[in-house]
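Engineer: Chains as they are written, first to last, in my numbering: chain E, 2 to 112; chain V, 5 to 816. Let me begin by handing over the structure; questions about it come next.
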Ligand code: SRM
Ligand SMILES: Cc1cc2nc3c(=O)[nH]c(=O)nc-3n(C[C@H](O)[C@H](O)[C@H](O)COP(=O)(O)OP(=O)(O)OC[C@H]3O[C@@H](n4cnc5c(N)ncnc54)[C@H](O)[C@@H]3O)c2cc1C
Ligand code: SF4
Ligand code: FES
């Protein structure tokens, strides 16, 4: 697809960290792993809506800052004994820029 | 009639193409070979062994004069082609000779990239590309100083070669770890360690600013942090650029390289190109394997046969003796990808495989690369590895599999590694005691004293027993820090100290971590241990901190934050209160609360408002209260002699002094103090981590209180006569706690483990030890005592804002 939305430079998100993108229907957390993979997930933990962007990123998972649930950045699935799933959105890095799929916005406004 | 083929460049690619051509049809072309270098084709990749003194130039010549003569190749070495006239189908040599061609083959290779730093044109600033460069480096005597810019393949080979000749070599690399394009951080750490062992100084994350000269010759490299690295020779090895100038002038299609199709034909049907100068399907090439494939194709194309070049997986090795590394494929993490990690600290081995859809797609290996070809085969052939998954990482010989050894880290320690810090007992002493019959912990303690004092090394002593006695010794089940390691917090702390581990990657490798980059449990702990033990060497990693410490505010259940400015010793002023009131109004703070710690909490502030509210409070003279940190919280005080009729000493004044001394320090868990002016104890000093109760004759210092999940009364540490001594004892006990406690143990828990007697010995009785602890505490404070609010508001405020705001787009 050609009309991905250019969000920011990869460097704007720290390695093993995240930043949020505001949308009309709440925030989306954009994660960058230790090996520069980028993922976009709803910024709300399935447990009690903890802001996942504030969690600790390890491997390709994030640990929620509120009560330490661990969420896979790849699938949005909660790991371990807890249960739940966060919505994930297509994201990619091209020439050092983070791009999000516009379909993700449409899906969100339809939600 | 024989056609005329002119070749521009006698490099590795055209050399191989010639071999194929002559073998298939020696009479097809009348070949003229130009080369800017005054020699024919030699094995450029072997320049490094030549530099290191392992080979001579003669040994790396691929085609000598006899070969060219026997094959009827007209050689014009030391001559550059200056111009091409495509309409006339002629080339012009540097000396003006004009030669006509039927086919023209480009093999001009690459030019080393020179960063245009001021001074890059000084004498003594060279690249690493050809024999001349190599000879210049070989000419550097054993007393010379050399700086190499670039920690990639070429830079490191140059550095190692010159170091082998005795030069004092420093490698300056801009990225966080060496060879970052081929290696992950863990392998980069091992490589750095090996190079350091060879006497090479490695500086990562170092940005070059200027090359300084004297009389036209290089004198030093200046980094942007102000460091000056003196040098007699500066080698730049920061990358290569395809050599396309001649092609571009001739009007052939050129992007980053000379554009070629699958048959190695350029945009002009009579002109072909091979090697590093080409761009094929968007890709450039810098290793010989693909160039040799291209050479095969170009030879066929020249003979009118069908052949197509296809890009393949590539692998890299470094030609530095003693640094065995290998990397291939794609080893970034990704969706659906999984890591298998194997670390053997004893042999300095690290292996990581990246698996996707039951196939190996990437591999990084360090230390033991014997199986690299096998793994490379799995990647190239896309072999399904589902059946051998569990043992895959051990390589082809181990399809039965040796399990990971939980004792590997301790087994790998040398005999002179100091296991017990308190008593200075080395591993060898313990091993000797075991050999002499001390076969349990009690006996080892009795004979050697190891682990007999503070006891935090007990786990390691038990592991030495287990390593020495095998099945005859069963280790009492100790808790590993987390799923990433079997070592306990205490074991890891001890390993950090005794092996001088100064980065997370060092800890992960030397302690045989089972994951690649830890987890949310071990990372904050390691970050603390490293910064507490190596304040000068380790750089705090915000991404390994819990959110409260990363954003210097307490996260609330709705994702907002609270802001608590420091009120030294619980004292405030009308001005401060006014500034707090103004800030509360300006940022619409929903709740303003007086805390249990004698200060004011502004609750419910939005992340993006934090830098703003902080700088407003900073402007009124207030700094962060660290109400969120594993560090100094508050020093509560009572009114003391200033106002109270019972007060014996200035408890408020002492509390303020203590808070001003201790603030900004990081500790294993939070640290709370209080100073009461008399034994009535209105500041509740006897339920704090450290409490001071003033009495007529001085100050009673007691430690280990708590009033949270456990309620505990402090125990008396000592009584001292002066405020200065109070401050020294408290600094010393805080430092002993910082250096020895397990992360997230409050003082009372730590005290329960090491014992009050041991603490007294360190900070009360042994004055030398007290002074040393105080000195280390002060040193750490010179680095860490700064207001994070001011720093973040000034430098990091943008991190608190959303990355992007799409609310408008979404509304469309
Ligand atoms: C704000 C405050 C309550 C208040 O409104 O008074 C408070 C608020 C919190 N306390 Fe506390 N504690 C506060 C004084 C206390 C006290 C009283 C004291 O310090 O005199 C105690 C008991 C004394 C002690 O620490 O032993 C106290 C024992 C705890 C504990 C239990 C610690 C323990 O070792 O058992 C926790 C949990 C923890 O730290 O793991 C905790 C944790 C918390 C946290 C940080 C919970 C969290 O992680 O989010 C609360 C943050 C609220 C927020 O969003 O700002 N708070 N907390 C007090 C801040 C004092 C200050 O000015 O810095
Ligand atoms: C020190 C070193 C170590 C290396 N180690 C490895 C390794 O371990 N593994 C690996 O796979 N690769 C390695 N390489 C890379 C490898 O050497 C190159 O990929 C390969 O040599 C490129 O071959 P080429 O024929 O394209 O270019 P080159 O071998 O560079 O040949 C190009 C030739 O063209 C000449 N030329 C340029 N312009 C003109 C002109 N106008 N007229 C006439 N002649 C001209 C140049 O003088 C040069 O001799 C290494 C390179 C270096 C420098
Ligand atoms: S006691 Fe402390 S941790 Fe518990 S709710 Fe109150 S402020 Fe929060
Ligand atoms: S809200 Fe994420 S773990 Fe509770």
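Glycine included, every Cβ here is placed at the ideal spot set by N, Cα and C.
(1) Does any C-beta atom of chain V lie closer than 9 Å to the C-beta of residue 17/E?
(2) Would DSSP call residue 500/V helix, strand or coil?
(3) When you compare only the Cα positions, how much space is there between residue 55/V and residue 400/V?
(4) Any residues in the stretch 785-812 of chain V with a beta carbon nearer than 7 Å to a beta carbon of chain E? Which ones, in chain order?
(5) Quick one: Cα of residue 142/V to Cα of residue 19/V, how far?
(6) In chain E, which residues lie with their C-beta within 9 Å of the C-beta of residue 561/V?
(7) Go ahead and label residue 497/V buried or exposed: buried means 16 or more other beta carbons lie within 10 angstroms of its beta carbon, across all protein chains shown.
(8) Just to confirm, does residue 39/V get its C-beta within under 8 Å of one of the non-hydrogen atoms of ligand 2?
(9) Between the alpha carbons of residue 426/V and residue 432/V, how many angstroms are there, rounded?
(10) As a quick exercise: from 308/V, 369/V, 341/V, 553/V, pick the residue whose alpha carbon is nearest that of residue 361/V.
(11) Roughly how many angstroms separate the alpha carbons of residue 481/V and residue 489/V, rounded to a whole number?
(12) Excluding the 5 residues flanking residue 414/V on each side, which residues of the same chain have their C-beta closer than 7 Å to its C-beta?
(13) For ligand 1, is there a heavy atom less than 8 Å away from the beta-carbon of residue 731/V?
(14) Going by C-alpha distance, which of 270/V, 290/V, 297/V, 261/V is nearest residue 282/V?
(15) Taking 6 Å as the limit between beta carbons, can you name the residues of its chain near residue 506/V, skipping five residues before and five after?
(16) If we require 3 or more residues per run, which beta strand (DSSP E) segments fall completely within the stretch 558-607 of chain V?
(17) In chain E, which residues lie less than 8 Å from residue 188/V when you measure between Cβ atoms?
(18) Hey, could you find the ends of the alpha helix (DSSP H) residue 431/V is sitting in?
(19) Reducing DSSP to helix, strand and coil, say where residue 796/V ends up.
(20) At a threshold of 8 Å, does residue 169/V count as lining ligand 2 (C-beta to nearest heavy atom)?
(21) Can the beta-carbon of residue 617/V be found less than 9 Å from the beta-carbon of residue 597/V?
(22) I'd like to know if residue 547/V contacts chain E, where contact means its C-beta is closer than 9 Å to some C-beta of that chain.
(23) List the residues of chain E whose Cβ lies closer than 8 Å to the Cβ of residue 550/V, in chain order.
(24) Around ligand 4, which residues pass a check of Cβ closer than 5 Å to any of its heavy atoms?
(25) Using a C-beta to C-beta distance shorter than 9 Å, which residues of chain E count as neighbours of residue 340/V?
(26) For residue 209/V, which three-state DSSP category applies?
(27) Which partner residues does residue 670/V have in the DSSP bridge list?
(28) Taking the alpha-carbon positions, what's the residue 29/V to residue 76/V distance?
(29) Would you check if the distance between the CB atom of residue 9/V and the CB atom of residue 108/V is smaller than 9 Å?
(30) Would residue 273/V be called buried (16 or more neighbouring beta carbons within 10 Å of its own) or exposed?
(31) Pull up the distance between the alpha-carbon of residue 248/V and that of residue 264/V, whole angstroms please.
(32) Within the same chain, show all residues whose beta-carbon is closer than 6 Å to that of residue 675/V, passing over the 5 residues directly before and after it, in chain order.
(33) Let me see if you follow: with CB-CB separation under 9 Å, is residue 112/E close to chain V or not?
(34) Cutting at 6 Å between CB atoms, please list the residues of its own chain near residue 654/V, excluding the five before and the five after it.
(35) For the stretch 516-529 of chain V, list every residue whose C-beta sits within 7 Å of some C-beta in chain E, in sequence order.
(36) Taking the alpha-carbon positions, what's the residue 519/V to residue 768/V distance?
Structural biologist: Looking at the coordinates:
(1) For the purposes of this step, residue 17/E is taken as the residue at position 16 of the first chain. At least one chain V Cβ lies under 9 Å of residue 17/E.
(2) Indexing the second chain from 1 puts residue 500/V at position 496. Three-state DSSP puts residue 500/V in a helix.
(3) Position 51 of the second chain holds residue 55/V. Position 396 of the second chain holds residue 400/V. Their backbone Cα atoms lie some 35 Å apart in a straight line.
(4) 806, 807, 808, 809, 810, 811
(5) Within the second chain, residue 142/V is the residue found at index 138, counting from 1. Within the second chain, residue 19/V is the residue found at index 15, counting from 1. Near 26 Å, if we compare the C-alpha coordinates of residue 19/V and residue 142/V.
(6) Numbered from 1 along the second chain, position 557 holds the residue referred to as residue 561/V. Going along chain E in sequence order, the residues near residue 561/V (Cβ under 9 Å) are 49, 50, 51, 67.
(7) In the second chain, residue 497/V corresponds to position 493, counting from 1. Residue 497/V should be labelled buried.
(8) The sequence position of residue 39/V within the second chain is 35, counting from 1. True, at least one ligand heavy atom lies under 8 Å from that Cβ.
(9) For the purposes of this step, residue 426/V is identified with residue 422 of the second chain, where counting begins at 1. For the purposes of this step, residue 432/V is identified with residue 428 of the second chain, where counting begins at 1. Cα to Cα, the separation comes out at about 16 Å.
(10) One-based indexing of the second chain puts residue 361/V at position 357. Comparing Cα positions, the closest option is 341/V.
(11) Here residue 481/V refers to the residue found at position 477 of the second chain. Here residue 489/V refers to the residue found at position 485 of the second chain. C-alpha separation (whole angstroms): 14 Å.
(12) On the second chain, position 410 is the one that residue 414/V refers to. Cβ within range, chain order: 464, 467, 468, 471.
(13) What you label residue 731/V is simply residue 727 of the second chain in a count that begins at 1. Residue 731/V: no, Cβ never under 8 Å from ligand 1.
(14) On the second chain, position 278 is the one that residue 282/V refers to. With distances taken between Cα atoms, residue 282/V lies closest to 261/V.
(15) Locating residue 506/V in the second chain gives position 502, counting from the first residue. Cβ neighbours of residue 506/V beyond the five flanking positions: 538, 541, 542.
(16) 565-567, 595-598
(17) As a first step, residue 188/V must be located in the second chain, where it is residue number 184. Neighbours of residue 188/V on chain E, chain order: 36.
(18) In the second chain, the residue the question calls residue 431/V occupies position 427. Segment 431-439, the alpha helix (DSSP H) holding residue 431/V.
(19) Along the second chain, one-based indexing puts residue 796/V at 792. If DSSP states are grouped into helix, strand and coil, residue 796/V belongs with the helices.
(20) One-based indexing of the second chain puts residue 169/V at position 165. No.
(21) By 1-based counting over the second chain, the position of residue 617/V is 613. By 1-based counting over the second chain, the position of residue 597/V is 593. Against a cut-off of 9 Å, the Cβ pair of residue 597/V and residue 617/V comes out as no contact.
(22) Position 543 of the second chain, counted from the first residue, corresponds to residue 547/V. It does; some Cβ of chain E falls within 9 Å.
(23) Residue mapping note: residue 550/V aligns to position 546 of the second chain, counting from 1. Correct list: 57, 66.
(24) 46/E, 48/E, 49/E, 51/E, 65/E, 67/E, 68/E, 70/E
(25) Position 336 of the second chain, counted from the first residue, corresponds to residue 340/V. Under the 9 Å cutoff, chain E gives 75, 76.
(26) Against the second chain, residue 209/V aligns to sequence position 205. Note: residue 209/V maps to coil in three-state DSSP.
(27) Numbered from 1 along the second chain, position 666 holds the residue referred to as residue 670/V. Note: residue 670/V sits in a beta bridge opposite 635/V.
(28) Taking the first residue of the second chain as 1, we reach residue 29/V at position 25. Taking the first residue of the second chain as 1, we reach residue 76/V at position 72. Going by the C-alpha atoms only, they are around 13 Å apart.
(29) Taking the first residue of the second chain as 1, we reach residue 9/V at position 5. Taking the first residue of the second chain as 1, we reach residue 108/V at position 104. For residue 9/V and residue 108/V, yes; Cβs fall inside 9 Å.
(30) The residue you call residue 273/V lines up with position 269 of the second chain. By the 10 Å Cβ count, residue 273/V comes out exposed.
(31) Your numbering for residue 248/V matches position 244 in the second chain. Your numbering for residue 264/V matches position 260 in the second chain. Looking at the two C-alpha atoms, the distance is approximately 12 Å.
(32) Reading the second chain from its first residue, position 671 is the one you call residue 675/V. The answer, listed in chain order, is 636, 693.
(33) On the first chain, position 111 is the one that residue 112/E refers to. Low local confidence applies: a pLDDT of 44 at residue 112/E is under 50, so the model's placement there is unreliable, with the coordinate-based value given in what follows. Chain V, which has no Cβ nearer than 9 Å to the Cβ of residue 112/E, makes this no.
(34) As a first step, residue 654/V is located in the second chain; it is residue number 650 there, counting from the start. Here the set comprises 644, 645.
(35) 519, 520, 521, 522, 523, 524, 527
(36) If you number the second chain from 1, residue 519/V lands on position 515. If you number the second chain from 1, residue 768/V lands on position 764. Spanning the two alpha carbons is a distance of roughly 42 Å.
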